[in-house]
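Trainee:
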């Protein structure tokens with residue numbers, strides 16, 4: 134389903150209601166037509182292609198639930214964040230970046246190739262923060278918002294102050310930061326950067342557009358970091374532990390029951406990010422054996 138949000142801007146509802154491993158895409162129609170992200174699933178993409186002439190495809194960041202449908206637009210203009218453009222077609226290299234190697238990387242590759250059916254596609258161009266996509270009636274400015282990934286971007290529609298926030302998704306599932314490259318301080322800074330843009334509406338990749346209570350939604354999302362810090366710190370009351378040992382206790386997403394090495398890897402990296410942050414604040418320290426211990 135393609136839902137009009139405001140004149141010229143549409144939410145392309147993704148498979149599974151836009152939940153991972155799919156996402157909603159966003160369609161902007163002006164003097165030219167831009168599709169932001171391609172992870173909405175084959176059926177939704179076919180509906181888009183049947184009803185619109187797409188001039189440009191943009192990936193907000195290099196996560197498979199946002200780039201998995203790129204191959205449906207082979208031969209089109211495809212712009213991606215500059216930082217990892219060179220490895221986007223190289224799934225083996227991408228799996229090392231996002232899943233660390235070993236069994237988690239093999240499971241990541243299975244998800245991308247077999248579940249999502251992705252076929253690697255070379256981008257034709259790149260963008261960076263401050264770049265503007267001018268559609269005449271709408272202008273979208275790229276805003277660099279790292280933390281979720283190192284190459285995550287939002288886009289601000291300047292006239293109506295609509296932010297396409299992608300995986301600053303403001304859902305109960307998030308925030309999510311399960312890669313080695315993720316950074317909690319950057320994620321928090323990105324949330325504050327979005328709020329400072331004074332958005333009148335936020336359109337994310339995994340929920341309906343937000344028109345009211347935006348400051349409160351962002352504050353609630355930000356507060357998750359605080360509560361998770363407290364949870365990880367409390368877990369160390371039972372003694373020193375590595376991120377992997379704490380991940381076995383499943384503090385965030387219940388991953389041990391899933392049986393997937395990839396899910397456990399992501400959980401461990403998220404725990405690790407909190408431990409790193411707590412260490413910077415002098416609340417924990419890492420011993421030589423790799424175990425973290427609370428400071429008295």
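Numbering (the working numbering), first residue to last: 134 to 429.
The beta-carbon is built from N, C-alpha and C at its ideal position, and this holds for glycine as well.
Just to confirm, is the Cβ distance from residue 330 to residue 289 under 7 Å?
Mentor: Against the chain shown, residue 330 aligns to sequence position 197. Against the chain shown, residue 289 aligns to sequence position 156. Result yes, Cβ atoms of residue 330 and residue 289 sit closer than 7 Å.
Trainee: Taking all protein chains shown into account, do 16 or more other C-beta atoms lie within 10 angstroms of the C-beta of residue 439, making it buried, or fewer, making it exposed?
Mentor: No statement about residue 439 is possible, as the shown extent of the chain runs from 134 to 429 and does not include it.
Trainee: Just curious, the beta strand (DSSP E) that residue 237 is in, first and last residue?
Mentor: Position 104 of the chain shown, counted from the first residue, corresponds to residue 237. Per DSSP, residue 237 belongs to no beta strand (DSSP E); it is in the alpha helix (DSSP H), 235-243.
Trainee: What's the C-alpha gap between residue 155 and residue 172?
Mentor: For the purposes of this step, residue 155 is taken as the residue at position 22 of the chain shown. For the purposes of this step, residue 172 is taken as the residue at position 39 of the chain shown. Those two C-alpha atoms are separated by around 5 Å.
Trainee: For residue 265, count neighbouring C-beta atoms within 10 Å of its own C-beta (all shown protein chains included) and say buried if the count is 16 or more, exposed if not.
Mentor: What you label residue 265 is simply residue 132 of the chain shown in a count that begins at 1. Counting Cβ neighbours within 10 Å, residue 265 comes out exposed, since fewer than 16 surround it.
Trainee: Closest to residue 260 by CA distance: which of 303, 352, 210 is it?
Mentor: Residue numbering aside, residue 260 sits at position 127 when the chain shown is read from its first letter. The residue with the shortest Cα to Cα distance from residue 260 is 210.
Trainee: Does the stretch 248-263 come close enough to the stretch 199-208 that 3 or more CB-CB pairs lie under 8 Å?
Mentor: yes
Trainee: Given residue 237, which residues of its chain have a CB within under 6 Å of its CB, disregarding the five upstream and five downstream residues?
Mentor: One-based indexing of the chain shown puts residue 237 at position 104. Once the five neighbours on either side are set aside, the close Cβ partners of residue 237 are 394, 395, 398.
Trainee: Taking residue 421 as the reference, which of 415, 375, 406, 403 has the closest Cα?
Mentor: Position 288 of the chain shown holds residue 421. Residue 375 holds the alpha-carbon nearest to the alpha-carbon of residue 421 among 415, 375, 406, 403.
Trainee: By the 10 Å Cβ neighbour count, where 16 or more other Cβ atoms means buried, how is residue 426 classified, buried or exposed?
Mentor: By 1-based counting over the chain shown, the position of residue 426 is 293. So residue 426 ends up on the exposed side.
Trainee: Give me the residue from 141, 228, 282 with the minimum Cα distance to residue 268.
Mentor: In the chain shown, counting from the first residue as 1, residue 268 sits at position 135. Here the closest residue by C-alpha is 141.
Trainee: Checking 7 Å against the spacing of the C-beta atoms, do residue 221 and residue 213 come in under that value?
Mentor: The residue given as residue 221 occupies position 88 in the chain shown. The residue given as residue 213 occupies position 80 in the chain shown. Result yes, Cβ atoms of residue 221 and residue 213 sit closer than 7 Å.
Trainee: Alpha carbons only, please: which of 258, 400, 378, 315 is nearest the one belonging to residue 230?
Mentor: Position 97 of the chain shown, counted from the first residue, corresponds to residue 230. Checked all of 258, 400, 378, 315; the closest Cα to residue 230 is 315.
Trainee: Are the Cβ atoms of residue 308 and residue 249 separated by less than 7 Å?
Mentor: Counting from one through the chain shown, the residue named residue 308 turns up at place 175. Counting from one through the chain shown, the residue named residue 249 turns up at place 116. No, Cβ-Cβ distance for residue 308 and residue 249 is not below 7 Å.
Trainee: Going by DSSP, what residues sit across from residue 137 in a beta bridge?
Mentor: The residue labelled residue 137 in the question sits at position 4 within the chain shown. In the DSSP output, where bridge partners are listed per residue, residue 137 has 143.
Trainee: Could you spell out the range, first to last residue, of the beta strand (DSSP E) harbouring residue 315?
Mentor: Locating residue 315 in the chain shown gives position 182, where the first residue counts as 1. Residue 315 -> no beta strand (DSSP E), and no H or E assigned at all.
Trainee: Quick check: the Cα distance between residue 405 and residue 285, rounded to an integer number of angstroms?
Mentor: Start at 1 with the first residue of the chain shown, and residue 405 comes out as number 272. Start at 1 with the first residue of the chain shown, and residue 285 comes out as number 152. Each residue's alpha carbon lies about 20 Å from the other.
Trainee: Can you tell me the Cα-Cα spacing of residue 409 and residue 184, whole angstroms?
Mentor: Within the chain shown, numbered from 1, the residue matching residue 409 stands at position 276. Within the chain shown, numbered from 1, the residue matching residue 184 stands at position 51. Looking at the two C-alpha atoms, the distance is approximately 48 Å.
Trainee: Out of 313, 300, 233, state which residue places its alpha-carbon closest to the alpha-carbon of residue 152.
Mentor: Here residue 152 refers to the residue found at position 19 of the chain shown. It is 300 whose Cα lies nearest to the Cα of residue 152.
Trainee: In terms of alpha-carbon separation, which member of 193, 232, 305, 287 lies closest to residue 258?
Mentor: Residue numbering aside, residue 258 sits at position 125 when the chain shown is read from its first letter. For residue 258, the closest C-alpha among the options 193, 232, 305, 287 is that of 193.
Trainee: Within 10 Å of its beta-carbon, does residue 302 have 16 or more other beta-carbons around it, so buried, or fewer, so exposed?
Mentor: Locating residue 302 in the chain shown gives position 169, where the first residue counts as 1. So residue 302 ends up on the buried side.
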